[in-house]
Amino acid sequence: MSRALPKIRDEEKESKYGYVYAVSGPVVTAERMSGSAMYELVRVGYFELVGEIIRLEGDMATIQVYEETSGVTVGDPVLRTGKPLSVELGPGILGSIFDGIQRPLKDINELSQSIYIPKGVNMPALSRTASWEFNPLNIKIGSHITGGDIYGIVHENTLVKHKMILPPRAKGTVTYLAAPGNYSVEDIVLETEFDGEKSKYTMLQVWPVRQPRPVTEKLPANHPLLTGQRVLDSLFPCVQGGTTAIPGAFGCGKTVISQSLSKYSNSDVIVYVGCGERGNEMSEVLRDFPELSVEIDGVTESIMKRTALVANTSNMPVAAREASIYTGITLSEYFRDMGYNVSMMADSTSRWAEALREISGRLAEMPADSGYPAYLGARLASFYERAGRVKCLGNPDREGSVSIVGAVSPPGGDFSDPVTSATLGIVQVFWGLDKKTGTKEAFPLHKLAYILQ
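Counting from 1, one number per residue, gives the positions in the sequence shown under the numbering used here.
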């Protein structure tokens, strides 16, 4: 999270405080919270734990906390930040590994010398000290610029050109554009004026994770997403900008397919979200990916140069699983807006659904099938519908796409599970995995007849 987030000890206005009224696992109820907004970011307790308001009732607010709540007591302060849960977008995303709320795990490890994340740690997602070579485009002083326009390029690495995009809601007349040179993400590289009001822009922009980034129009998908697995590409093809589900029991090969897609697919950028899966699977990704290479235009490059990892393993706080999914899709949309074809792997959406079930149970909401909340299908749909091939905002004209591949882990491989059923009604492509075929160490696709029905 950003250093710009206010801290409790820095705030003097008591009007911005609420107080903890009750604690139930990751769900905290706070009083004196009138004036708060839904999905507003808050800091809970003296550890300043990151939380998000998910229910408002009178002056009481229900907060899901994205960190371990042990040690939080009744009467502890709750600070309202006045802004939604957001991610930082700018150079430095690729090659990094974040947790569910975009805290940089490598930096936290160096700071704390611990294999676990300390409570209340507050570090910027993107390095403030790293300098990037900024090359402005041919935009003249006095020319008009609107949201989505590309005004410069940063060579983030030898594989991906990071295009600097004006934030979607911004517009104005250019009054200053930085000269070519090295800048940090906090240095001002562009100034505009609109209606007598001046705005300054750095290479860093912040975007709320629950809000889809706007586009000019959605386009029909017309190009295949090649997976590198011949049986999938020939019999069960999917498109760039499409949605795919991989349901299967434990040990069938969901993670193998997700990792194979990350390694060999024809996407420009990969966002891999490990959502509630085993920690050793994420460590395998971290160990394997730096050693893998991809050949593009005759040049061999490390696959990590096009990959961003969001790791929220099963031993991390339950509530952050939902945040990790939204963090991953927002990062994907950012690179899509540059004109790239992005693939996002969510492994696994079942863990996210289980987190929804746990939070829903603690809120005493009416359960639906198998204890899942009634809004499970709506949440899944709102996530998968952020995929697609689009015409991007701004100039020059460009097209980009986000393809979502979501693994589903039905208990015992039962495809009538509510999460699997809801997912099948939303996605376009279905790669069913079979336990019997998987144990034979053949490629673990379910019987063709079942899938083609």
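Beta carbons are placed, not taken as given, at the ideal position from N, Cα and C, and that holds for glycine. Everything numeric in this text was worked out from a predicted model, so none of it was measured.
Next on the checklist: With H, G and I counted as helix, E and B as strand and the rest as coil, what does DSSP make of residue 86?
Outcome noted: DSSP places residue 86 in strand when its eight states are reduced to three.
Checklist entry - Are residue 265 and residue 348 touching if we call contact CB-CB under 8 Å? => result no
Next on the checklist: Suppose only complete runs of 4+ residues qualify. What are the alpha helix (DSSP H) ranges in the region 56 to 122, listed by chain order?
Outcome noted: 105 to 112
Item to check | Assumed close pair residue 327, residue 299 - CB separation to whole angstroms, cut-off 8 Å | outcome: With 8 Å as the limit, residue 327 and residue 299 do not qualify as a contact, their Cβ atoms being about 31 Å apart.
Checklist entry - From residue 235 to residue 432, what distance separates their C-alpha atoms? => result 12 Å
Checklist entry - Three-state secondary structure (DSSP) at residue 389? => result strand
Checklist entry - Does DSSP put residue 403 in a helix, a strand or coil? => result strand
Checklist entry - Does the separation of the CB atoms of residue 396 and residue 350 fall below 8 Å? => result no
Item to check | Rounded separation between residue 383 and residue 404 - CA only | outcome: Near 9 Å, if we compare the C-alpha coordinates of residue 404 and residue 383.
Item to check | DSSP state of residue 18 mapped onto helix, strand, coil | outcome: strand
Next on the checklist: Please identify the residue among 263, 357, 334 and 374 whose C-alpha is closest to the C-alpha of residue 209.
Outcome noted: Nearest C-alpha to residue 209: 334.
Checklist entry - Going by other Cβ atoms of all chains shown within 10 Å of its Cβ, with 16 needed for buried, is residue 77 buried or exposed? => result buried
Next on the checklist: I believe residue 163 touches residue 155 by the beta-carbon criterion, under 8 Å. Please report the beta-carbon distance rounded to the nearest angstrom.
Outcome noted: Contact flag wrong, Cβ pair sits at about 11 Å.
Next on the checklist: Rounded to whole angstroms, what is the Cα-Cα separation between residue 260 and residue 127?
Outcome noted: Here the C-alpha atom of residue 260 lies approximately 30 Å from the C-alpha atom of residue 127.
Checklist entry - Is it true that the CB of residue 356 sits closer than 8 Å to the CB of residue 376? => result yes
Checklist entry - Taking C-alpha atoms, which residue in 241, 81, 430 and 139 lies nearest to residue 37? => result Closest option to residue 37, Cα to Cα, is 81.
Checklist entry - Can you tell me the Cα-Cα spacing of residue 144 and residue 337, whole angstroms? => result 20 Å
Next on the checklist: So if DSSP puts residue 194 in a beta bridge, which residue, or which two residues, is it bridged to?
Outcome noted: Residue pairing by DSSP places residue 194 opposite 197 in a beta bridge.
Next on the checklist: Once DSSP output is grouped into helix, strand and coil, what is the label at residue 454?
Outcome noted: This structure cannot settle anything about residue 454, because the visible part of the chain is limited to 1 through 453.
Checklist entry - Looking only at its own chain, which residues have a Cβ that is under 7 Å from the Cβ of residue 250, when we skip the five neighbours before and after it? => result Counting only Cβ-Cβ distances below 7 Å, and skipping sequence neighbours, we find 409.
Next on the checklist: Just to confirm the assignment: which complete alpha helix (DSSP H) runs, minimum length 4, are found wholly within the region 286 to 374?
Outcome noted: 320 to 336 and 349 to 362
Item to check | Three or more C-beta pairs below 8 Å linking the region 366 to 380 and the region 311 to 320 | outcome: no
Item to check | Backbone secondary structure at residue 422 - three-state DSSP | outcome: Helix at residue 422.
Checklist entry - DSSP state of residue 182, grouped into three classes? => result strand
Item to check | Where residue 96 falls, given that 16 or more other Cβ within 10 Å makes a residue buried | outcome: buried
Checklist entry - Roughly how many angstroms lie between the CA atoms of residue 287 and residue 113, to the nearest whole one? => result Residue 287 and residue 113: Cα-Cα distance of roughly 20 Å.
Checklist entry - Could you give the residue range of the beta strand (DSSP E) that holds residue 41? => result 40 to 44
Item to check | Contact between the region 224 to 241 and the region 106 to 124 (3+ Cβ pairs under 8 Å) | outcome: In the pairwise beta carbon analysis, the region 224 to 241 is classified as not touching the region 106 to 124: fewer than three pairs are separated by under 8 Å.
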